[in-house]
Amino acid sequence: MDVAAKPNILFVYADQHRYDCTGVNGHPLVQTPAMDGLAREGANFSHAFTPIPICVPARCSLLSGRWPTEHGTIFNYDGETFKPFSPEQPTCARAVRDAGYHAIHIGRWHVDPKLTPVDYGFHDYVPEWRYGQWRKARGLKPAPRSGFAGAADTHISAAESRPVWSANQVIRFLEYTREYPDPVFIHWHLTEPHLPCDPPEPFASMYDPKSITPWPGFNDSFEGKPLIQRQMLRTWNVENMTWDDWAPIVARYLGVVSLVDHALGLVLDTLDRLGMRENTLVIYTSDHGDMCGSHRMVDKHYVMYDDVVRVPMMMRWPGVVPAGATCGDFVSNAVDLATTFCHVAGAAIPASFSGTVLFPFADKPAKGKRGDIFASYHGNQFGSFSQRMVRDRRWKYVWNATCEDELYDLDADPGELKNRVADQACAPELSRLRLRMLDWMGSTHDTLNNGMIRRQLCEGRKLTA
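Residue numbering for the sequence shown follows my numbering, starting at 43 and increasing by one per position.
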């Protein structure tokens, strides 16, 4: 790959977008022509995963190119022991800026409540809170207070929605910098489709709840599973909700996904209009997924189901990324993308970065690099709860500090309904994955890589029920 030309880089980061909620990834209803187009004209990554299914730490991994246990920020702001991400750590923004790019952050800044993107290496930023000011100045009523279930926002048109407002900020920047001698590095972070989903029309009624079938993991009995999962149903007061209750919520979620796709399409059309398409690398992905009623659960906490750890990811760069490629290799999206940004920009990759440059994946998608993928979770607003996950093509193992572990045969049970951790027939797989996890914990400086935990993983000193 020749990076001498230094392409523009447009990185689009959604919040809480499930892998299976795009057309290209097989959803039978959702309309995502812009995302599908990126995959058709570039590469679609079928096994991209977040390093941690929670907002702030994932974004810190994106900046630092490091696993959460390495950069140290493992909670959101409301976590009981929040540790801010130090701006003294090397970041991809600073490295790419120093390589001659004009770097700007547009939209959601969910890294530090007191510092701004400029402190981490961007030249400038457009914060999402300006949308509220813009909306108020236009005399528009605030968005509905709808709780996690969401509601149609009848006060605005799609053109007045936050995703489209945010897209317009990107478009203004592209138009303004079109004649810049330096390439641009744009981080566009959307707040959507994070709950609550309050889409305007026509997106609010785009999907008929009666046409939406339950997620594969919806009818979970939680037999043999960690108690905390049943507790989360009670915490959110959803233990008695049926699919008829969930379907309208899912319909609004899909509507917001299509709204995000519409906003993305506006920006992609602008690249075409300005003649920037051929020399712009475009990447779309998400910080993590969303339970959205799968396993009858809300949000993303205390679980490692694919609903929350697997994310969509598409990449387009005409002439470099082969059109129509499908990359089935395991990718840790945030960790690997930080490294990839530096590589594409011709910047020196900081020695602290742990990621892999993705272009061998995109250029030669048939040749795999990783045989498995990892993630961690540490708890948040409902209290601390340590989890570690390792997943390969067939098996997923989840170590839970204070509950029984989980083991799923993804070939036989793609909905992750039956915990096989106590099944003696699966003991060899359990032992193998525990050792892989131990290796990963050691290589990422995990503080739980201590004698007691090693005995659990190496000697089987962990209760299974």
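The beta-carbon is built from N, C-alpha and C at its ideal position, and this holds for glycine as well. Here the structure is a predicted model, which means the values were calculated and not measured.
Rounded separation between residue i and residue j - CA only
| i | j | result |
| --- | --- | --- |
| residue 437 | residue 448 | 10 Å |
| residue 473 | residue 491 | 17 Å |
| residue 246 | residue 100 | 29 Å |
| residue 248 | residue 291 | 13 Å |
| residue 514 | residue 328 | The question about residue 514 has no answer, for the chain in this structure spans 43 to 507. |
| residue 458 | residue 259 | 6 Å |
| residue 405 | residue 320 | Because the pLDDT of residue 405 is 47, which lies under 50, any placement of that residue in the model is unreliable, and the question is left without a value. |
| residue 530 | residue 303 | Residue coverage of the chain in this structure runs from 43 to 507, which leaves residue 530 outside it and unanswerable. |
| residue 426 | residue 420 | 6 Å |
| residue 98 | residue 176 | 26 Å |
| residue 202 | residue 222 | 29 Å |
| residue 531 | residue 360 | For the chain, the structure presents residues 43 to 507; residue 531 sits outside this window and is missing. |
| residue 159 | residue 113 | 17 Å |
| residue 199 | residue 256 | 30 Å |
| residue 300 | residue 252 | 18 Å |
| residue 73 | residue 67 | 11 Å |
| residue 80 | residue 465 | 43 Å |
| residue 410 | residue 187 | Confidence at residue 410 is low in this model, with a pLDDT of 45, below 50, so its placement is unreliable and the value that follows should be read with caution. If I take the Cα positions, the gap works out to 46 Å. |
| residue 322 | residue 497 | 50 Å |
| residue 140 | residue 389 | 7 Å |
| residue 69 | residue 288 | 17 Å |
| residue 178 | residue 170 | 14 Å |
Where the beta strand (DSSP E) containing residue i begins and where it ends
| i | result |
| --- | --- |
| residue 169 | 166-169 |
| residue 425 | 425-433 |
| residue 87 | 85-87 |
| residue 291 | That residue, residue 291, is in no beta strand (DSSP E); its alpha helix (DSSP H) goes 285-315. |
| residue 451 | 448-451 |
| residue 328 | 322-328 |
| residue 277 | Note, residue 277: premise wrong, no beta strand (DSSP E); alpha helix (DSSP H) at 269-277. |
| residue 367 | 367-369 |
| residue 340 | Neither: residue 340 is in no beta strand (DSSP E) and is coded neither H nor E. |
| residue 101 | Per DSSP, residue 101 belongs to no beta strand (DSSP E); it is in the alpha helix (DSSP H), 97-106. |
| residue 363 | Neither: residue 363 is in no beta strand (DSSP E) and is coded neither H nor E. |
| residue 52 | 50-56 |
| residue 59 | Careful: residue 59 lies outside any beta strand (DSSP E) and carries neither H nor E. |
| residue 227 | 226-231 |
| residue 280 | Neither: residue 280 is in no beta strand (DSSP E) and is coded neither H nor E. |
| residue 438 | 437-442 |
Whole-number beta carbon distance between residue j and residue i, since they are thought to touch under 8 Å
| i | j | result |
| --- | --- | --- |
| residue 510 | residue 383 | Past the boundaries of the shown model lies residue 510; the chain is included only from 43 to 507, so the question cannot be answered. |
| residue 224 | residue 143 | 6 Å |
| residue 153 | residue 232 | 15 Å between Cβ atoms; not a contact. |
| residue 294 | residue 239 | 4 Å |
| residue 358 | residue 65 | The pair is not a contact, with the Cβ atoms about 16 Å apart (cut-off 8 Å). |
| residue 91 | residue 374 | 6 Å |
| residue 433 | residue 451 | Incorrect: roughly 12 Å between the Cβ atoms, too far for contact. |
| residue 119 | residue 353 | Not quite, the Cβ-Cβ distance comes to about 22 Å (not below 8 Å), so this is no contact. |
| residue 330 | residue 95 | 4 Å |
| residue 241 | residue 297 | 4 Å |
| residue 229 | residue 53 | 5 Å |
| residue 219 | residue 226 | 5 Å |
Secondary structure of residue i, DSSP reduced to three states
| i | result |
| --- | --- |
| residue 117 | coil |
| residue 150 | coil |
| residue 418 | strand |
| residue 201 | helix |
| residue 408 | Residue placement at residue 408 is flagged as unreliable, the pLDDT there being 40, under the threshold of 50; the coordinate-derived value follows with that caveat. In this structure, residue 408 counts as coil in the three-state DSSP scheme. |
| residue 162 | helix |
| residue 380 | helix |
| residue 395 | coil |
| residue 69 | coil |
| residue 180 | coil |
| residue 318 | coil |
| residue 248 | coil |
| residue 190 | helix |
| residue 77 | helix |
Limits of the alpha helix (DSSP H) - the one that residue i falls within
| i | result |
| --- | --- |
| residue 469 | 469-485 |
| residue 495 | 493-501 |
| residue 137 | 134-140 |
| residue 351 | 348-351 |
Residue i CB to nearest heavy atom of the ligand GDP below 7 Å
| i | result |
| --- | --- |
| residue 144 | Summarising the ligand content, the structure contains no ligands, and the ligand GDP is consequently not present. |
For the structure I just gave you, are there three or more beta carbon pairs, one from the region 265-277 and one from the region 429-445, closer than 8 Å? yes
Should the region 307-327 be regarded as contacting the region 197-214, the criterion being three or more beta carbon pairs within less than 8 Å? yes
Decide if the region 188-201 is in contact with the region 250-266; the criterion is three or more beta carbon pairs, one per stretch, under 8 Å apart. no
Counting beta carbon pairs with one atom in the region 157-173 and one in the region 121-135, are three or more of them shorter than 8 Å? yes
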